[in-house]
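Written below as structure tokens is the structure these notes are about.
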Amino acid sequence: KTYIGVDMDQVIVFDKSLQQRLQEYLDILSGHSILSVSNIKKEWAFFLELSIDVSGWQAIWKLPRLTCELYKISFPTIVLVYVEDIYFESLEALVKVLAVQDDISLPEKHKVSLIQLWPTKTQDKSVVLNLQSTANALDILRFFYHNLITPWDYEDDDTADWLGRHLESRLRLFYDLKNGVIPRTASEHIRSLLVEARRLQARREQLEIEIGNDDDLEMSNGDGENEKVEKLMELHVRITQIKNEMEILENPLMRNVILKQQKEWASKKGDADPKCWLISETSKPKDHVNFLKQVEQFYPNESFTFAVDLAATLMELVHTNILILNKSKYHLKSVAKFESGAIIKGIYEKQDTIIESQSEDLMLDISGEVVIENITLNASTPQCCVVVRNGKLILRNCNLIGDTTSSIHQGIIVLDGSQLEMMDCDITGFATAIVGNSGSKVFIRNSKVHDVNCGAKVYENCLITVQKSSFLNCKEYGFCVETDQIIENAKKVGGFDVLESVPDINFDDLNGENNGKGDVRINSGQRIIPIKDLFTNLNLTYGGEGECDSGDDEEMEVTNEEDLNNTVIEKTESDTLLHAS
Numbered sequence: 001k002t003y004i005g006v007d008m009d010q011v012i013v014f015d016k017s018l019q020q021r022l023q024e025y026l027d028i029l030s031g032h033s034i035l036s037v038s039n040i041k042k043e044w045a046f047f048l049e050l051s052i053d054v055s056g057w058q059a060i061w062k063l064p065r066l067t068c069e070l071y072k073i074s075f076p077t078i079v080l081v082y083v084e085d086i087y088f089e090s091l092e093a094l095v096k097v098l099a100v101q102d103d104i105s106l107p108e109k110h111k112v113s114l115i116q117l118w119p120t121k122t123q124d125k126s127v128v129l130n131l132q133s134t135a136n137a138l139d140i141l142r143f144f145y146h147n148l149i150t151p152w153d154y155e156d157d158d159t160a161d162w163l164g165r166h167l168e169s170r171l172r173l174f175y176d177l178k179n180g181v182i183p184r185t186a187s188e189h190i191r192s193l194l195v196e197a198r199r200l201q202a203r204r205e206q207l208e209i210e211i212g213n214d215d216d217l218e219m220s221n222g223d224g225e226n227e228k229v230e231k232l233m234e235l236h237v238r239i240t241q242i243k244n245e246m247e248i249l250e251n252p253l254m255r256n257v258i259l260k261q262q263k264e265w266a267s268k269k270g271d272a273d274p275k276c277w278l279i280s281e282t283s284k285p286k287d288h289v290n291f292l293k294q295v296e297q298f299y300p301n302e303s304f305t306f307a308v309d310l311a312a313t314l315m316e317l318v319h320t321n322i323l324i325l326n327k328s329k330y331h332l333k334s335v336a337k338f339e340s341g342a343i344i345k346g347i348y349e350k351q352d353t354i355i356e357s358q359s360e361d362l363m364l365d366i367s368g369e370v371v372i373e374n375i376t377l378n379a380s381t382p383q384c385c386v387v388v389r390n391g392k393l394i395l396r397n398c399n400l401i402g403d404t405t406s407s408i409h410q411g412i413i414v415l416d417g418s419q420l421e422m423m424d425c426d427i428t429g430f431a432t433a434i435v436g437n438s439g440s441k442v443f444i445r446n447s448k449v450h451d452v453n454c455g456a457k458v459y460e461n462c463l464i465t466v467q468k469s470s471f472l473n474c475k476e477y478g479f480c481v482e483t484d485q486i487i488e489n490a491k492k493v494g495g496f497d498v499l500e501s502v503p504d505i506n507f508d509d510l511n512g513e514n515n516g517k518g519d520v521r522i523n524s525g526q527r528i529i530p531i532k533d534l535f536t537n538l539n540l541t542y543g544g545e546g547e548c549d550s551g552d553d554e555e556m557e558v559t560n561e562e563d564l565n566n567t568v569i570e571k572t573e574s575d576t577l578l579h580a581s
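Here it is in structure tokens:
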């Protein structure tokens, strides 16, 4: 996987074994016979007071998703900061912004979580600090809160021995995921559960603050009158469901039993013949008859199984299943995962067959080869509409709709080794409509991307072909290209002819209109660079020439140890976010 934004040789990173990690945490946290969750932060504060420099060093601050949304900037975004003070009790730092990406606007000073800071190798040449010790302490802290603590830990009884119950088992789960001991499908499922839980917890905390600040709020009597309270309860229920599943998977013995059962079930499922499904919710007999007549035109000789619940049917899919949807509005309560091939097809106008999602994380998670045709995907609630994780997604004559206001919602994210083909489609309402990661392939024909912040963002070594398509009314750019290569004598901003200087991008009859900052922007070999002579200019303000090279606003690449937190997301709110998970 490739992450753009900061070269990892600019920041200090570590790659440690399970035993190294285990010993570090035992040394730091084993001062009590029983260590409850409520006392863990105090132990970290004591450790950090002895281990990190209180001020005087530069770091990369990776803004969390909610902060990006607060300031209405794209996600992920990174910033170069100078640390002015540390608040040990709250595990936070006071930082001053030195350099930003592009032309975003941020307040000069922020109070940020320490786990969001990555010390840079380059510091002011006049400063002598033990940055290796500081970076190592932050790595230990960040790994702990990203990979070992879960949202439900804080709800446990204060007398619970967190260290004895969870430390080693969760470390082993992490390294089993990292080292491929757990099969890929199960591994991705576990990662997605953890990412979802952390994001739901962040949303729950935000809602609790909003409810607490609302003097006029009256608790509803269970009738759903108050939307915020009802939403809070929904988040609590979902987090509890994830907790129950993860407690089983965390136990090595129970995990092995579950994985064995899944393997046997997958084997039986793989041997089953593909099915053709007719999905039609409750309606009048005449509507069903008309639907069947339409189906007969396309599939006169097929045998079909009838179903009324799309979400439940998706759980039953085997390889190359065909789902024919009647005109209706279908609701998905959680992420729909396609772990094998499937064809999902509407047989009326695309606006007549709508799939909506109530998931706040991701709508569709694609593996295998999946075809979606004549359907509207309404992703106004999820933070991402589709992630193509493995295999290939083919979209034909589809609408993809975002929430139209968020600065962080993404349409389609295509990961390394995956492919997207999009024909006769319309995408609108996202912060970024299409993200092509390094190593992915994207083909777009006769499609329209409009009323988004950025139409398409592609990274180095993404092979992309665009034919007879339009990028219209983008608030920023129709096309953004992120590359480490220095492209000599090439324009950085301009019309689509600028793309001629970029390898791996092929286009024909590509049109742009009313794109706020230009049709195309190329970020070529540009980085946020740590400042070597910081203290020769004490009045330095961010955004000036030389301090901030306009660069990528995706996240940092981290060692594979961080992948547990990645999602797409995340890559995730693991806070080491990828372009998606």
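Note that the sequence shown covers residues 1 to 581 in UniProt numbering. From the three backbone atoms N, C-alpha and C, an ideal C-beta is built for every residue, glycine too.
Enclosing beta strand (DSSP E) for residue i [first to last residue]
i           : result
Asn-399     : 399–401
Gly-495     : No beta strand (DSSP E) contains Gly-495, which DSSP labels as neither H nor E.
Gln-410     : 410–414
Glu-92      : 92–99
residue 637 : The shown model of the chain, from 1 to 581, leaves out residue 637, and the question about it has no answer.
Val-11      : Segment: none, Val-11 is in no beta strand (DSSP E) and carries neither H nor E.
Thr-432     : 432–436
Status (buried if at least 16 other CB within 10 Å, exposed otherwise) for residue i
i       : result
Ile-209 : exposed
Ser-303 : exposed
Gln-19  : exposed
Asn-256 : exposed
Met-556 : Confidence at Met-556 is low in this model, with a pLDDT of 29, below 50, so the placement of that residue should be treated as unreliable; the coordinate-derived value is given next. So Met-556 ends up on the buried side.
Arg-165 : exposed
Val-452 : buried
Met-422 : buried
Asn-515 : buried
Val-466 : buried
Asn-326 : buried
Asp-519 : buried
Cys-384 : buried
Glu-373 : buried
Same chain, Cβ closer than 6 Å to residue i, neighbours up to 5 away in sequence not counted
i           : result
Val-386     : Leu-364 and Ile-412
residue 582 : This structure does not reach residue 582, given that the chain is present from 1 up to 581, and the question cannot be answered.
Val-481     : Val-458, Val-502 and Ile-522
Ser-169     : Glu-250
Ile-140     : Glu-24
Cys-425     : Leu-395, Cys-398 and Ser-447
Gly-546     : With a pLDDT of 30 at Gly-546, under the threshold of 50, the modelled position of this residue cannot be trusted, and the question is left open.
Leu-310     : Ile-279 and Tyr-330
Leu-419     : The amino acid occupying residue 419 in the given sequence is Gln; Leu does not appear at that position. Excluding positions up to five away in sequence, the list reads Lys-392 and Lys-441.
DSSP beta-bridge partners of residue i
i       : result
Ala-342 : Asn-321 and Val-370
Cys-480 : Lys-457 and Arg-521
Pro-119 : Ala-59
Glu-356 : His-331 and Asn-378
Ile-464 : Val-442 and Ile-505
Lys-448 : Asp-426 and Ser-470
Asp-365 : Lys-337 and Val-387
His-32  : For His-32, which the question treats as bridged, DSSP gives no partner whatsoever.
Asn-511 : Ser-470
Glu-421 : Ile-394 and Phe-443
Proximal residues to residue i (C-beta, below 7 Å), its chain only, five neighbours per side dropped
i           : result
Glu-245     : Leu-193
Ser-187     : Leu-177
Ser-357     : Leu-332, Met-363, Ala-379, Thr-381 and Pro-382
residue 584 : The question about residue 584 has no answer, for the chain in this structure spans 1 to 581.
First and last residue of the uninterrupted alpha helix (DSSP H) at residue i
i       : result
Glu-24  : 18–29
Asp-85  : Per DSSP, Asp-85 belongs to no alpha helix (DSSP H); it is in the beta strand (DSSP E), 78–87.
Lys-231 : 227–250
Leu-393 : No alpha helix (DSSP H) holds Leu-393; the beta strand (DSSP E) holding it covers 392–396.
Gln-132 : 131–143
Thr-404 : No alpha helix (DSSP H) holds Thr-404; DSSP gives it neither H nor E.
Phe-75  : Note, Phe-75: premise wrong, no alpha helix (DSSP H); not H, not E.
Leu-48  : 37–49
Residues near residue i by beta carbon distance below 8 Å, same chain, minus five either side
i       : result
Ser-30  : Leu-163
Ile-239 : Pro-151, Trp-152, Ala-197, Leu-200, Gln-201 and Arg-204
Tell me the start and end of each unbroken alpha helix (DSSP H) in the stretch 273–323 that is at least 4 residues and wholly inside, in chain order.
Scanning the stretch 273–323 from its first residue to its last, the whole alpha helix (DSSP H) runs of 4-plus residues come out as 285–298 and 310–315.
What residue ranges within the stretch 145–184 form continuous alpha helix (DSSP H) runs of no fewer than 4 residues, ordered along the chain?
Taken in chain order, the complete alpha helix (DSSP H) segments of 4 or more residues contained in the stretch 145–184 are 168–178.
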